[in-house]
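Heads up, the thing below is written out as structure tokens.
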Ligand SMILES: Nc1ncnc2c1ncn2[C@@H]1O[C@H](COP(=O)(O)OP(=O)(O)OP(=O)(O)O)[C@@H](O)[C@H]1O
Ligand SMILES: [Mg+2]
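In the working numbering, the protein residues as written are 448 to 786.
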């Protein structure tokens, strides 16, 4: 129409199926500008064990039912929880693209032959060197992958991609740490993901079945409280700071040891230091955690909140609500299509 400028936006949505909350980030891209337009956090209400197919199905149905109208015409990427994926990293010599495809096909077949049950395998070339490729392969149970696809279809939605955790987190932090070795520690409700990056590229990821829920349970037991009150004290300890510190000490110590093990494994193989740790996930906000970790490791600790994403605008009405600690993973899934 005369006088009207038609702007052509592409819209992307990233869905992070957390064990406490399911986080959704919606982006808009116009030319090279990426803007976060909407965020949503939906409580995970499933009573089924969080790793079960039933819980996945219940949560996906709840999410799509609630927001299907907001997801139409968007490129939707959904993440598979990190502990539901098996990873294998391979290196292949430099070859022509057609040959590379064939070589990866053989690697896929070999990986599938080693696994019990019906799996699907996908891959990403994460680095092209002068003489070789570094490739990350990821295998997930076919039944679980199909659950995502089928439930989305039931609500008339098409998934652009089913993605894996380390690639999502790489998209979020790699431009800030392109020349650094980095460990990202994502402390969620049920799990902590420890992911090592070699100058912005995924090196490996490790999932520890400990998170904020275990902390709340320890506080509840120590102070003889119900979990609701224990959760509030964990978030805002007030006069109970020393008690919280005392009862969480063994768990924090154990978690720190796991992170140190991962860092040592990286450093021994690469012969390079890890100089920075980024804490993210709701549990990463725990009072005193970063100081404890720094004292044990002397590694600089940043909270995801403190990191700028210079290439991403946040819609002004969302600014204070966009909690980078909680939404970084969903943001990474949304960025899959946008980059
Ligand atoms: N200020 C705070 N201090 C300590 N813990 C906190 C704080 N805020 C949130 N948490 C904890 O963070 C956890 C939720 O974090 P998050 O939303 O990242 O988990 P999730 O993604 O749903 O779970 P998971 O990653 O295990 O699937 C809860 O255990 C919550 O109690
Ligand atoms: Mg999480």
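We put the CB at the ideal spot given by N, CA and C, even for glycine.
Contacting residues, own chain, Cβ-Cβ under 6 Å from residue i (five flanking each side not counted)
i, result
"residue 719", "628"
"residue 539", "550 and 580"
"residue 651", "643"
"residue 767", "none"
"residue 621", "647"
"residue 771", "751 and 752"
Buried versus exposed call for residue i [16 or more other C-beta atoms within 10 Å across all chains shown]
i, result
"residue 686", "exposed"
"residue 464", "buried"
"residue 521", "buried"
"residue 755", "exposed"
"residue 591", "buried"
"residue 704", "exposed"
"residue 543", "exposed"
"residue 546", "exposed"
"residue 593", "exposed"
"residue 512", "exposed"
"residue 479", "exposed"
"residue 656", "exposed"
"residue 740", "buried"
"residue 663", "buried"
"residue 727", "buried"
"residue 415", "Residue 415 lies beyond the range of the chain shown here (448 to 786); nothing can be said about it."
"residue 682", "exposed"
"residue 477", "exposed"
"residue 645", "buried"
"residue 654", "buried"
"residue 786", "exposed"
"residue 757", "exposed"
"residue 458", "buried"
"residue 697", "exposed"
Own chain partners of residue i with C-beta closer than 7 Å, once the 5 adjacent residues on each side are dropped
i, result
"residue 502", "493, 495 and 496"
"residue 774", "470, 472 and 486"
"residue 712", "none"
"residue 504", "594 and 598"
"residue 449", "Low confidence applies to residue 449: its pLDDT is 42, below 50, so where it sits in the model is not reliable enough to give any reading."
"residue 456", "475, 476 and 477"
"residue 626", "646"
"residue 624", "644, 647 and 723"
"residue 714", "720 and 721"
"residue 684", "691 and 734"
Cβ-Cβ distance between residue i and residue j below 8 Å
i, j, result
"residue 609", "residue 779", "no"
"residue 532", "residue 586", "yes"
"residue 447", "residue 764", "Because residue 447 is not part of the residues shown, which for the chain are 448 to 786, the question remains open."
"residue 589", "residue 567", "yes"
"residue 523", "residue 604", "yes"
"residue 635", "residue 467", "yes"
"residue 554", "residue 573", "no"
"residue 706", "residue 619", "no"
"residue 776", "residue 612", "yes"
"residue 506", "residue 491", "yes"
"residue 500", "residue 602", "no"
"residue 510", "residue 481", "no"
"residue 637", "residue 660", "yes"
Alpha helix (DSSP H) segment containing residue i, residue limits
i, result
"residue 613", "612-620"
"residue 461", "Unbroken run through residue 461 is the beta strand (DSSP E), 457-464; no alpha helix (DSSP H)."
"residue 594", "589-601"
"residue 516", "500-518"
"residue 681", "674-682"
"residue 741", "736-744"
"residue 563", "From DSSP, residue 563 is part of no alpha helix (DSSP H); its letter is neither H nor E."
"residue 732", "Note, residue 732: premise wrong, no alpha helix (DSSP H); not H, not E."
"residue 665", "659-669"
Integer Cβ distance of residue i from residue j, believed to fall under 8 Å
i, j, result
"residue 658", "residue 639", "6 Å"
"residue 750", "residue 731", "6 Å"
"residue 535", "residue 558", "6 Å"
"residue 526", "residue 462", "7 Å"
"residue 748", "residue 724", "5 Å"
"residue 784", "residue 607", "5 Å"
"residue 722", "residue 699", "With 8 Å as the limit, residue 722 and residue 699 do not qualify as a contact, their Cβ atoms being about 22 Å apart."
"residue 649", "residue 695", "With 8 Å as the limit, residue 649 and residue 695 do not qualify as a contact, their Cβ atoms being about 30 Å apart."
"residue 690", "residue 670", "6 Å"
"residue 518", "residue 560", "In fact, because the Cβ distance is near 37 Å, the residues do not count as touching under 8 Å."
Where the beta strand (DSSP E) containing residue i begins and where it ends
i, result
"residue 526", "522-527"
"residue 719", "It is not in any beta strand (DSSP E) - residue 719 carries neither H nor E in the DSSP assignment."
"residue 477", "468-477"
"residue 482", "480-490"
"residue 654", "648-655"
"residue 749", "747-750"
"residue 780", "Note, residue 780: premise wrong, no beta strand (DSSP E); alpha helix (DSSP H) at 771-785."
"residue 540", "533-540"
Residues near residue i by beta carbon distance below 8 Å, same chain, minus five either side
i, result
"residue 674", "663, 664 and 667"
"residue 578", "540 and 541"
"residue 530", "498, 638, 654 and 656"
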